[in-house]
Each structure stands twice: as structure tokens, then as C-alpha cells.
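Trainee: Note that the protein sequences, when read in sequence, are chains S and U.
Under the numbering used here, the first residue of the first sequence is numbered 413, with each subsequent residue one higher.
Under the numbering used here, the first residue of the second sequence is numbered 413, with each subsequent residue one higher.
Don't be surprised by glycine CBs; every beta carbon is placed ideally from N, CA and C.
So that we are looking at the same thing, I have put the structure below in C-alpha cells.
Protein chains: 2
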Amino acid sequence: MSKPKTGPKPSAKREAILDAAQIAFLEEGYAATSMDAVATKAGVSKATIYAHFDSKDLLFAAVIHRRCESSEIYATPDKTLDARATLKAVATRLMTLLLSPEALSMYRVVVAESLRQPDLARAFYESGPARGKIEIGAIFSELHRRGELAVSDPWQAADQFVGMLRTDYFMRALLGLAQKDGQTMDGIIDNAVETMVRAYAPA
Amino acid sequence: MSKPKTGPKPSAKREAILDAAQIAFLEEGYAATSMDAVATKAGVSKATIYAHFDSKDLLFAAVIHRRCESSEIYATPDKTLDARATLKAVATRLMTLLLSPEALSMYRVVVAESLRQPDLARAFYESGPARGKIEIGAIFSELHRRGELAVSDPWQAADQFVGMLRTDYFMRALLGLAQKDGQTMDGIIDNAVETMVRAYAPA
DNA sequence: GTCTATAAAGCGATAGAC
DNA sequence: GTCTATCGCTTTATAGAC
């Protein structure tokens, strides 16, 4: 009784199609990606794609869902660190992830298609922003329990903290614009950490 | 010598085309909008569109640029208000703007096309996020001058403040997901204002 | 400038052989 | 399952009359 997994069986060609489709969809967008292009990139014929996926929509959905499922966890923070160091560590991990080319591409294409494919928007939200909020909320909860911060609502604090990381710097990266001189990831993180620590200092 | 404006002359049909194209592009996205659809909505023939705009790309660019130029100013805040009330007022204006259907659509389509049309991404950034940051930075600068807040870098503070407004609530709206019960615009604003006031309280 | 009509190309999807 | 070949449709863009 050892079923390794549910869902469609893994197949070399199927994986090649998904890999090629992922690159194409994330780089070019949904509409600008043709099934011919995916077939060529994957080294298969177009008919083979349709043997595995009933339509372009469903191929796109399979790509997005696969990526959502494989999204990494932010990992539990080192419990020996104080509030500042803990927040800095988690912020560095989060910002590095958010600013990665793959995450930015994913964000662009999912946002663009969100109204036409609501279930993909939901899957993206749950595996990305919602998950991050929960994990970072747990960290604030722990810092509160330790008495290092006084946060009445840890998830609201997480929301604020993440928001202060996703600002101008993120917007410029998302839009493909160069960063301003003097703006660095570390600087943004330090400022956000400092603001949180000051605002939620215990009385 | 009274030139009313530079650029292409205003024409009834031209404006009708731009209006129809704006609705279509913002609602359906760039690729999903056909020139036939724009022609029908505008009540003109497709050839007339091409008489005014050389290509679909340029029509799209004209739509985006027109909207960027007409983007409203957030207005100067009432100088008799204290820090909390000032920040609350400006946050309410900003969040209402950001969450409007037109602004969300604009954000979706520009982000989606940003890599393929870098000049549009730039125009959007300058007229939207950059402008907001400057105006809100000026408000923090004024609050600092008045001694109500101690902000060493007003534009960095503006960045943080805006970031705390554009969080989970904004993301859900952007993705077309329903809002969580209990999450309200006013609540988010109050929390953001409180966090800023606490973090930047004068010593 | 504005129209009707059409060109030329690309698209998603399928038929049928193997 | 996988291929080649092709269907049927939509697309952007243009030609030519008025």
C-alpha cells in the first residue's frame, strides 16, 4: 500500500513539457506564449502536449500549481537570537525570495491572469503571501511570548513588517527598473526592523 | 500665440478610440484585447484606428501615458491637524485610490507588460509610486519640522508608511479574492498610523 | 479621415498513421 | 504515446474607394 503520490504519473516528456512551459509562461506571459513555442522548447510535438494537457489553460494551471506546491518554507528561526537578529534573518530570507527573478516573474504573470483564472490566483495567494504571513506571524507570536515585543496581534504585525519590506525597492524590481543608488536590501531591512522594534517595544 | 497644448490634436474619433481602448486594455489585458474589439466599442472602423495609431503597441502606450498624465494629486493636508489625523487623512486618500478598480486594473496590466514595454513601466512608476512617495515624504518632512515626529529620512518613512498600507488587504483585492472578515481599510490605516507614531515619537 | 474588404500570418486544437 | 500534417478560426495590418 505504498502509493508514492496521487495525480498524473510522472513521465519524462510530461516533465519536459512542464519545464518548457514554465520558462515560457513566466518569461513571456500567458498570451504571448504559443503552444508551438512550448513544443519546440520541450523537444516534442504539439500533439504530444495535447495528449497530456487538454488545453493551453490547463497546461498553464499545471505549471502554476506545480510551482506553488514546491514553494519553499522560510524555515524556523534560531531561537537563541534576540528580536532584532531574528527579524533581520527572516526579513533577509523573505526579501531574497521575493526579489528572485523567478518569484518576480511568477508574480507578474499570476497578477496579470488573476481575473481570468481565479483558482490560480487563490493557489498563488495561499502558497505565497498567506503562508508567509502565517509563518512570520508565528515568529512575532514567539517574540511576544518571550517578552521581547509587545504585539497584541502577531499576524497584523507580520503584515506590517512584510509591507515595509515590499516597498519602492520591490516595485522597481517588479517593473524592471534599475535601483536607486544608496538603496540596498540590507538598509531597507534594518530600517524595517528598527521601526518594528521601536513601535512594539514593551512598556 | 496661445497654443493650448502640444502633441497630437484632439479629435472626437481619436478620443473615442482612446476611451474604448482604455476600457478594453484595463479590463481584458493587452493581449486579450483585439483591435476589432476596440473598433467596435469606439464605433469606428479598424482602419480609422490605424490612421491615428501606427500599431497596437502604440495605441496601448498612448492609453497608458494619457492615464499617467491625468493621475490626480493627493492634495495638501490640512495644516491644523496633528500627526495622527494628518497621516490618517492622507492614508485614507491613498488607500482609496490604490484600491479603486481602475487603479488595480492599471497595476495589473502595466506590471504584466512591464518587461516588454519598459518605457510604460517607467511612466507608470514616475506618475504613481514615485509621485506618491514624494508627496507623502513631504508630509513627514513637515511633521518633523513641526516637532511632532522625529524622522531622519522622510522619504524612507513614507516608503514604510505606504508599505504598511499595501499589504494583505491590497494583495487580495489585486488578485480578485474576497476580503477576510474583520479586515477593514480603516483598521489597517489606524494600525499603520499608530505604528508610525510610536516608532517615530520624539524623544 | 473614414469606410469596406481583404490580405498574410499565427493561433489553439485535431485527425490519422504508427 | 508520439508523430506529421492540417483544419478552422482569429489576429494585426493594409489597399483602395470615397
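#1: When the Cα of R478 of chain U is compared with those of U:R426, U:G544 and U:M608, which residue comes out closest?
#2: Quick check on R505 of chain S - is its C-beta less than 8 Å from some C-beta in chain U?
#3: Looking at C-alpha atoms only, which residue of S:L516, S:L430 and S:K458 is the closest neighbour of L586 of chain S?
#4: Quick one: what does DSSP say K491 of chain S is sitting in, helix, strand or coil?
#5: Let me make sure I understand the geometry here. Which of S:R520, S:A428, S:T492 and S:L430 has the alpha-carbon closest to that of G441 of chain S?
#6: Are the C-beta atoms of K545 of chain S and some chain U residue less than 8 Å apart?
#7: Run through the region 423-490 of chain U for me and flag every whole alpha helix (DSSP H) of 4 or more residues, listed as ranges in chain order.
#8: Would the region 449-459 of chain S and the region 482-496 of chain S be scored as touching if the rule is three or more Cβ pairs under 8 Å?
#9: How big is the Cα-Cα spacing for K415 of chain U and E554 of chain U?
#10: Can you give the beta carbon distance from L589 of chain U to A473 of chain S, rounded, assuming they're within the 8 Å contact cut?
#11: Quick check on the DSSP output: the alpha helix (DSSP H) that includes R558 of chain U runs from which residue to which?
#12: Using the rule of at least 16 other Cβ atoms within 10 Å of the residue's Cβ for burial, across every protein chain shown, is K592 of chain U buried or exposed?
#13: What does the Cβ neighbour count give for D448 of chain S, buried or exposed, with the cut at 16 atoms within 10 Å?
#14: Which of the three DSSP states, helix, strand or coil, is assigned to A613 of chain U?
#15: Comparing the C-beta of V475 of chain S with each C-beta of chain U, is any distance below 8 Å?
#16: Given that a residue counts as buried once 16 or more other Cβ atoms are within 10 Å of its Cβ, and exposed if not, what is L493 of chain U?
#17: Using a 10 Å radius around the Cβ and a threshold of 16 neighbouring Cβ atoms, would you call E560 of chain U buried or exposed?
Mentor: Reading it off the structure:
#1: U:R426
#2: no
#3: S:L516
#4: coil
#5: Measuring from the Cα of G441 of chain S, the nearest candidate turns out to be S:R520.
#6: yes
#7: 424-440, 447-454, 458-464 and 468-481
#8: no
#9: With a pLDDT of 45 at K415 of chain U, under the threshold of 50, the predicted position of this residue should be treated as unreliable, and no value is reported.
#10: Incorrect: roughly 17 Å between the Cβ atoms, too far for contact.
#11: No alpha helix (DSSP H) holds R558 of chain U; DSSP gives it neither H nor E.
#12: exposed
#13: Exposed, because fewer than 16 other Cβ atoms sit within 10 Å of the Cβ of D448 of chain S.
#14: coil
#15: no
#16: Burial call: exposed.
#17: buried
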